[in-house]
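Residue numbers (my numbering), protein chains in the order written: chain A, 1 to 344; chain B, 345 to 495.
Idealized CB from N, CA, C, for every residue including glycine.
Note sheet for the following structure.
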Amino acid sequence: MTEPLVIGFETSCDETGVGVVRGHTLLADALATSVAEHERFGGVVPEIASRAHLEAMVPTVHRALAEAGVAPSDVDAVAVTAGPGLTGALLVGLAAAKAYALALDKPLYGVNHLAAHVAVDELQHGRLAEPSLALLVSGGHSSLLLVPDLAREVTPLGRTIDDAAGEAFDKVARVLGMPFPGGPPIDRAAREGDPAAIDFPRGLTGPRDAPYDVSFSGLKTAVARWVEARRRAGEPVPVADVAASFQEAVADVLTAKAVRACRDHGVDHLVLGGGVAANSRLRALAEERCAAAGIVLRVPSPRLCTDNGAMVAALGSRLVAAGVAPSAPDLGADSSLPVETVSR
Amino acid sequence: MRREHVLPTVEDTRALGAALAAVVRPGDLVVLTGPLGAGKTALTQGLGAALGVPEPVTSPTFVIARVHRGGRLPLVHVDAYRLGGVADVDDLDLDASTEESVTVVEWGAGLVEQLADEHLEVRLDRRDDDVRTAVLVPRGPRWEARLDGDR
Chain A
1 MTEPLVIGFE TSCDETGVGV VRGHTLLADA LATSVAEHER FGGVVPEIAS RAHLEAMVPT
61 VHRALAEAGV APSDVDAVAV TAGPGLTGAL LVGLAAAKAY ALALDKPLYG VNHLAAHVAV
121 DELQHGRLAE PSLALLVSGG HSSLLLVPDL AREVTPLGRT IDDAAGEAFD KVARVLGMPF
181 PGGPPIDRAA REGDPAAIDF PRGLTGPRDA PYDVSFSGLK TAVARWVEAR RRAGEPVPVA
241 DVAASFQEAV ADVLTAKAVR ACRDHGVDHL VLGGGVAANS RLRALAEERC AAAGIVLRVP
301 SPRLCTDNGA MVAALGSRLV AAGVAPSAPD LGADSSLPVE TVSR
Chain B
345 MRREHVLPTV EDTRALGAAL AAVVRPGDLV VLTGPLGAGK TALTQGLGAA LGVPEPVTSP
405 TFVIARVHRG GRLPLVHVDA YRLGGVADVD DLDLDASTEE SVTVVEWGAG LVEQLADEHL
465 EVRLDRRDDD VRTAVLVPRG PRWEARLDGD R
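This is how it looks when you write it as structure tokens:
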């Protein structure tokens with residue numbers, strides 16, 4: 001028996017993604033982005049995002065189906081991000097997914113965006129070991145998750161108490177006069193810099209701090225203060241060193257906490273996901289520390305780390321295989337869907 | 345309520361937010377100004393916790409705005425840094441009504457004042473010695489009276 005063909009819709013933020021998978025096999029990953037529109041604002045503007053999703057949706061579906069070489073009638077199930085995300089943006093994906101599910105008379109699965117970031121790795125590295133630990137880091141999220149059963153049970157261990165990791169990159173880029181989003185330019189500048197040049201603070205790493213929560217607000221402020229002091233003194237700002245030292249602080253805290261969580265919970269598999277997982281230093285340090293701790297590290301390619309439709313299809317495929325009940329046709333968007341809710 | 349505050353620690357900034365929670369009412373607009381790291385989000389965290397918001401209040405920067413329910417009043421937390429202007433909160437696609445909520449806007453000076461007839465401006469600053477300061481500036485007679493305790 002061939003595995004089910006699943007189409008996935010992702011519109012939680014600024015990417016309109018439609019992916020097609022069969023089992024763990026990626027067939028299509030079509031993406032339209034409104035980043036250019038948002039660049040003007042240096043961030044995601046909800047209303048602009050919704051409008052852009054609406055314009056991009058149908059062409060993106062057509063591209064995905066053509067890329068996969070399948071007809072709409074071949075689809076066995078429809079998956080869609082139901083949250084968390086921007087309400088207006090989520091609604092566009094939900095409306096499209098419901099329309100296809102209804103027209104094709106196929107089951108609809110409303111899925112959690114964060115669990116989908118974990119599921120996407122199965123398209124590259126096969127079935128996830130369970131339990132696994134997942135570190136999801138992006139512009140909007142920073143979460144450490146325990147995943148005993150990706151189709152049914154995801155437990156949050158920690159999260160950011162202030163700024164998300166990607167947001168810290170954006171704000172530090174702003175301080176250094178780099179464009180939005182801040183991740184890629186900081187990563188590039190850091191290659192020429194010394195990561196030990198400046199000893200920036202590692203938030204929430206004291207003995208009495210929450211072991212798995214993270215905080216990047218103090219780090220961001222420390223970078224701003226350091227740069228301001230240089231400018232006040234009329235000295236040049238060593239941009240590469242600042243970028244490298246900042247990036248080192250972020251990667252150090254995230255990987256130390258993820259490895260500690262693996263140890264504390266007796267888990268020997270770690271998955272990275274989210275846009276910040278594309279950062280070269282985070283990937284390298286995670287590899288180094290996981291190897292030292294005997295942990296198997298799985299990191300999807302940068303293209304699959306950022307938001308896309310394939311990740312939603314991947315989780316949908318997992319739900320179908322696990323026999324999880326589909327969603328009701330009146331499925332709604334939940335902008336703050338808790339990570340424990342894998343599907344609804 | 346005192347107008348000028350010296351805030352040596354982030355806990356002091358949160359406590360000032362908590363003190364504001366005792367005076368805010370539905371429909372209120374609070375505009376926070378100050379540089380990166382001055383304590384705008386920390387102040388909002390104190391305000392949210394004292395309102396009884398069950399989840400932690402984190403930075404809204406990436407999503408521009410977040411609505412926190414479950415407290416005495418809904419808390420609408422906006423980061424207006426990226427916005428060119430807000431003619432109406434509808435532009436933000438929020439599933440909340442500002443008449444029923446207290447709306448706190450970071451980086452909103454000069455952009456969002458028209459969202460309410462009156463507002464409270466909180467000027468936060470970061471001194472060279474890393475101590476934060478806050479000045480409460482009532483913008484309108486009713487806010488003036490409220491800060492003076494004349495309710």
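{"Asked": "Contacts that A:A224 makes with chain B (C-beta to C-beta distance below 7 Å)", "Found": "L380 and G381"}
{"Asked": "Residues sharing a beta bridge with A:S143, DSSP", "Found": "A:L136 and A:R159"}
{"Asked": "Residues near B:A382 in its chain [Cβ-Cβ closer than 8 Å; skip 5 each side]", "Found": "L468, D469, R470 and R476"}
{"Asked": "Residue-chain proximity (B:S403, chain A), Cβ-Cβ < 8 Å", "Found": "yes"}
{"Asked": "Neighbourhood of A:L297 by C-beta distance below 7 Å, restricted to the same chain and skipping five residues each side", "Found": "L270, A286, E287 and C290"}
{"Asked": "For A:E15, three-class secondary structure by DSSP", "Found": "strand"}
{"Asked": "Chain-ordered neighbours of A:I198 on chain B, where CB pairs are closer than 7 Å", "Found": "What A:I198 touches in chain B: nothing, since even the nearest Cβ is about 16 Å away."}
{"Asked": "Assigned secondary structure, B:E462 (DSSP; H/G/I helix, E/B strand, else coil)", "Found": "coil"}
{"Asked": "First and last residue of the uninterrupted alpha helix (DSSP H) at A:I360", "Found": "What is shown of chain A runs 1 to 344, which leaves residue 360 of chain A out entirely."}
{"Asked": "Rounded C-alpha distance that separates B:D473 from A:G218", "Found": "15 Å"}
{"Asked": "Length of the line joining the Cα atoms of A:F350 and A:M178", "Found": "Chain A is shown only over 1 to 344; residue 350 of chain A falls outside these bounds and no answer can be derived."}
{"Asked": "Expected contact under 8 Å - CB spacing of A:A244 and A:A197 to nearest Å", "Found": "7 Å"}
{"Asked": "Per-residue burial, A:P207 [other beta carbons within 10 Å of its own, 16 or more giving buried]", "Found": "exposed"}
{"Asked": "Residues, ordered as in the chain, of the region 166 to 177 of chain A that lie near chain C by beta-carbon distance below 8 Å", "Found": "In the displayed structure, chain C is absent; the protein chains listed are A and B."}
{"Asked": "Cβ-heavy atom distance, A:A164 to the ligand ADP, below 7 Å", "Found": "As far as ligands go, the structure on display features none, and thus does not contain the ligand ADP."}
{"Asked": "Nearest residue (CA-CA) to A:Y212, options A:P195, A:T155 and A:V175", "Found": "A:T155"}
{"Asked": "Proximal residues of chain A, C-beta to C-beta of B:T357 below 9 Å", "Found": "By Cβ distance, chain A contributes nothing, its closest Cβ being about 11 Å from B:T357, past 9 Å."}
{"Asked": "Environment of B:V350 [buried if 16+ CB atoms lie within 10 Å]", "Found": "exposed"}
{"Asked": "Bridge-paired residues (DSSP) for B:A409", "Found": "B:V422"}
{"Asked": "Contacts around A:R260, its chain only, beta-carbon distance under 7 Å, and the 5 residues preceding and following it disregarded", "Found": "P211"}
{"Asked": "Contacts that B:T385 makes with chain A (C-beta to C-beta distance below 7 Å)", "Found": "D162 and S217"}
{"Asked": "DSSP-derived helix/strand/coil call for B:D469", "Found": "strand"}
{"Asked": "Inter-residue spacing [alpha-carbon to alpha-carbon] between A:A151 and A:W226", "Found": "45 Å"}
{"Asked": "Residue environment, B:Q458, which counts as buried when at least 16 other CB atoms sit within 10 Å", "Found": "exposed"}
{"Asked": "Of the residues A:A240, A:R232, A:E192 and A:R281, the one placed nearest A:D252, counting alpha carbons only", "Found": "A:R281"}
{"Asked": "Inside the region 29 to 97 of chain A only - beta strand (DSSP E) runs reaching at least 3 residues", "Found": "77 to 83"}
{"Asked": "Close-in-space but distant-in-sequence residues of the same chain around A:R159 (CB under 7 Å, 5 per side omitted)", "Found": "S142, S143 and D213"}
{"Asked": "Segment contact flag, the region 303 to 311 of chain A with the region 320 to 336 of chain A, C-beta cutoff 8 Å, min 3 pairs", "Found": "no"}
{"Asked": "Endpoints, the alpha helix (DSSP H) within which B:E450 is located", "Found": "No alpha helix (DSSP H) holds B:E450; the beta strand (DSSP E) holding it covers V446 to E450."}
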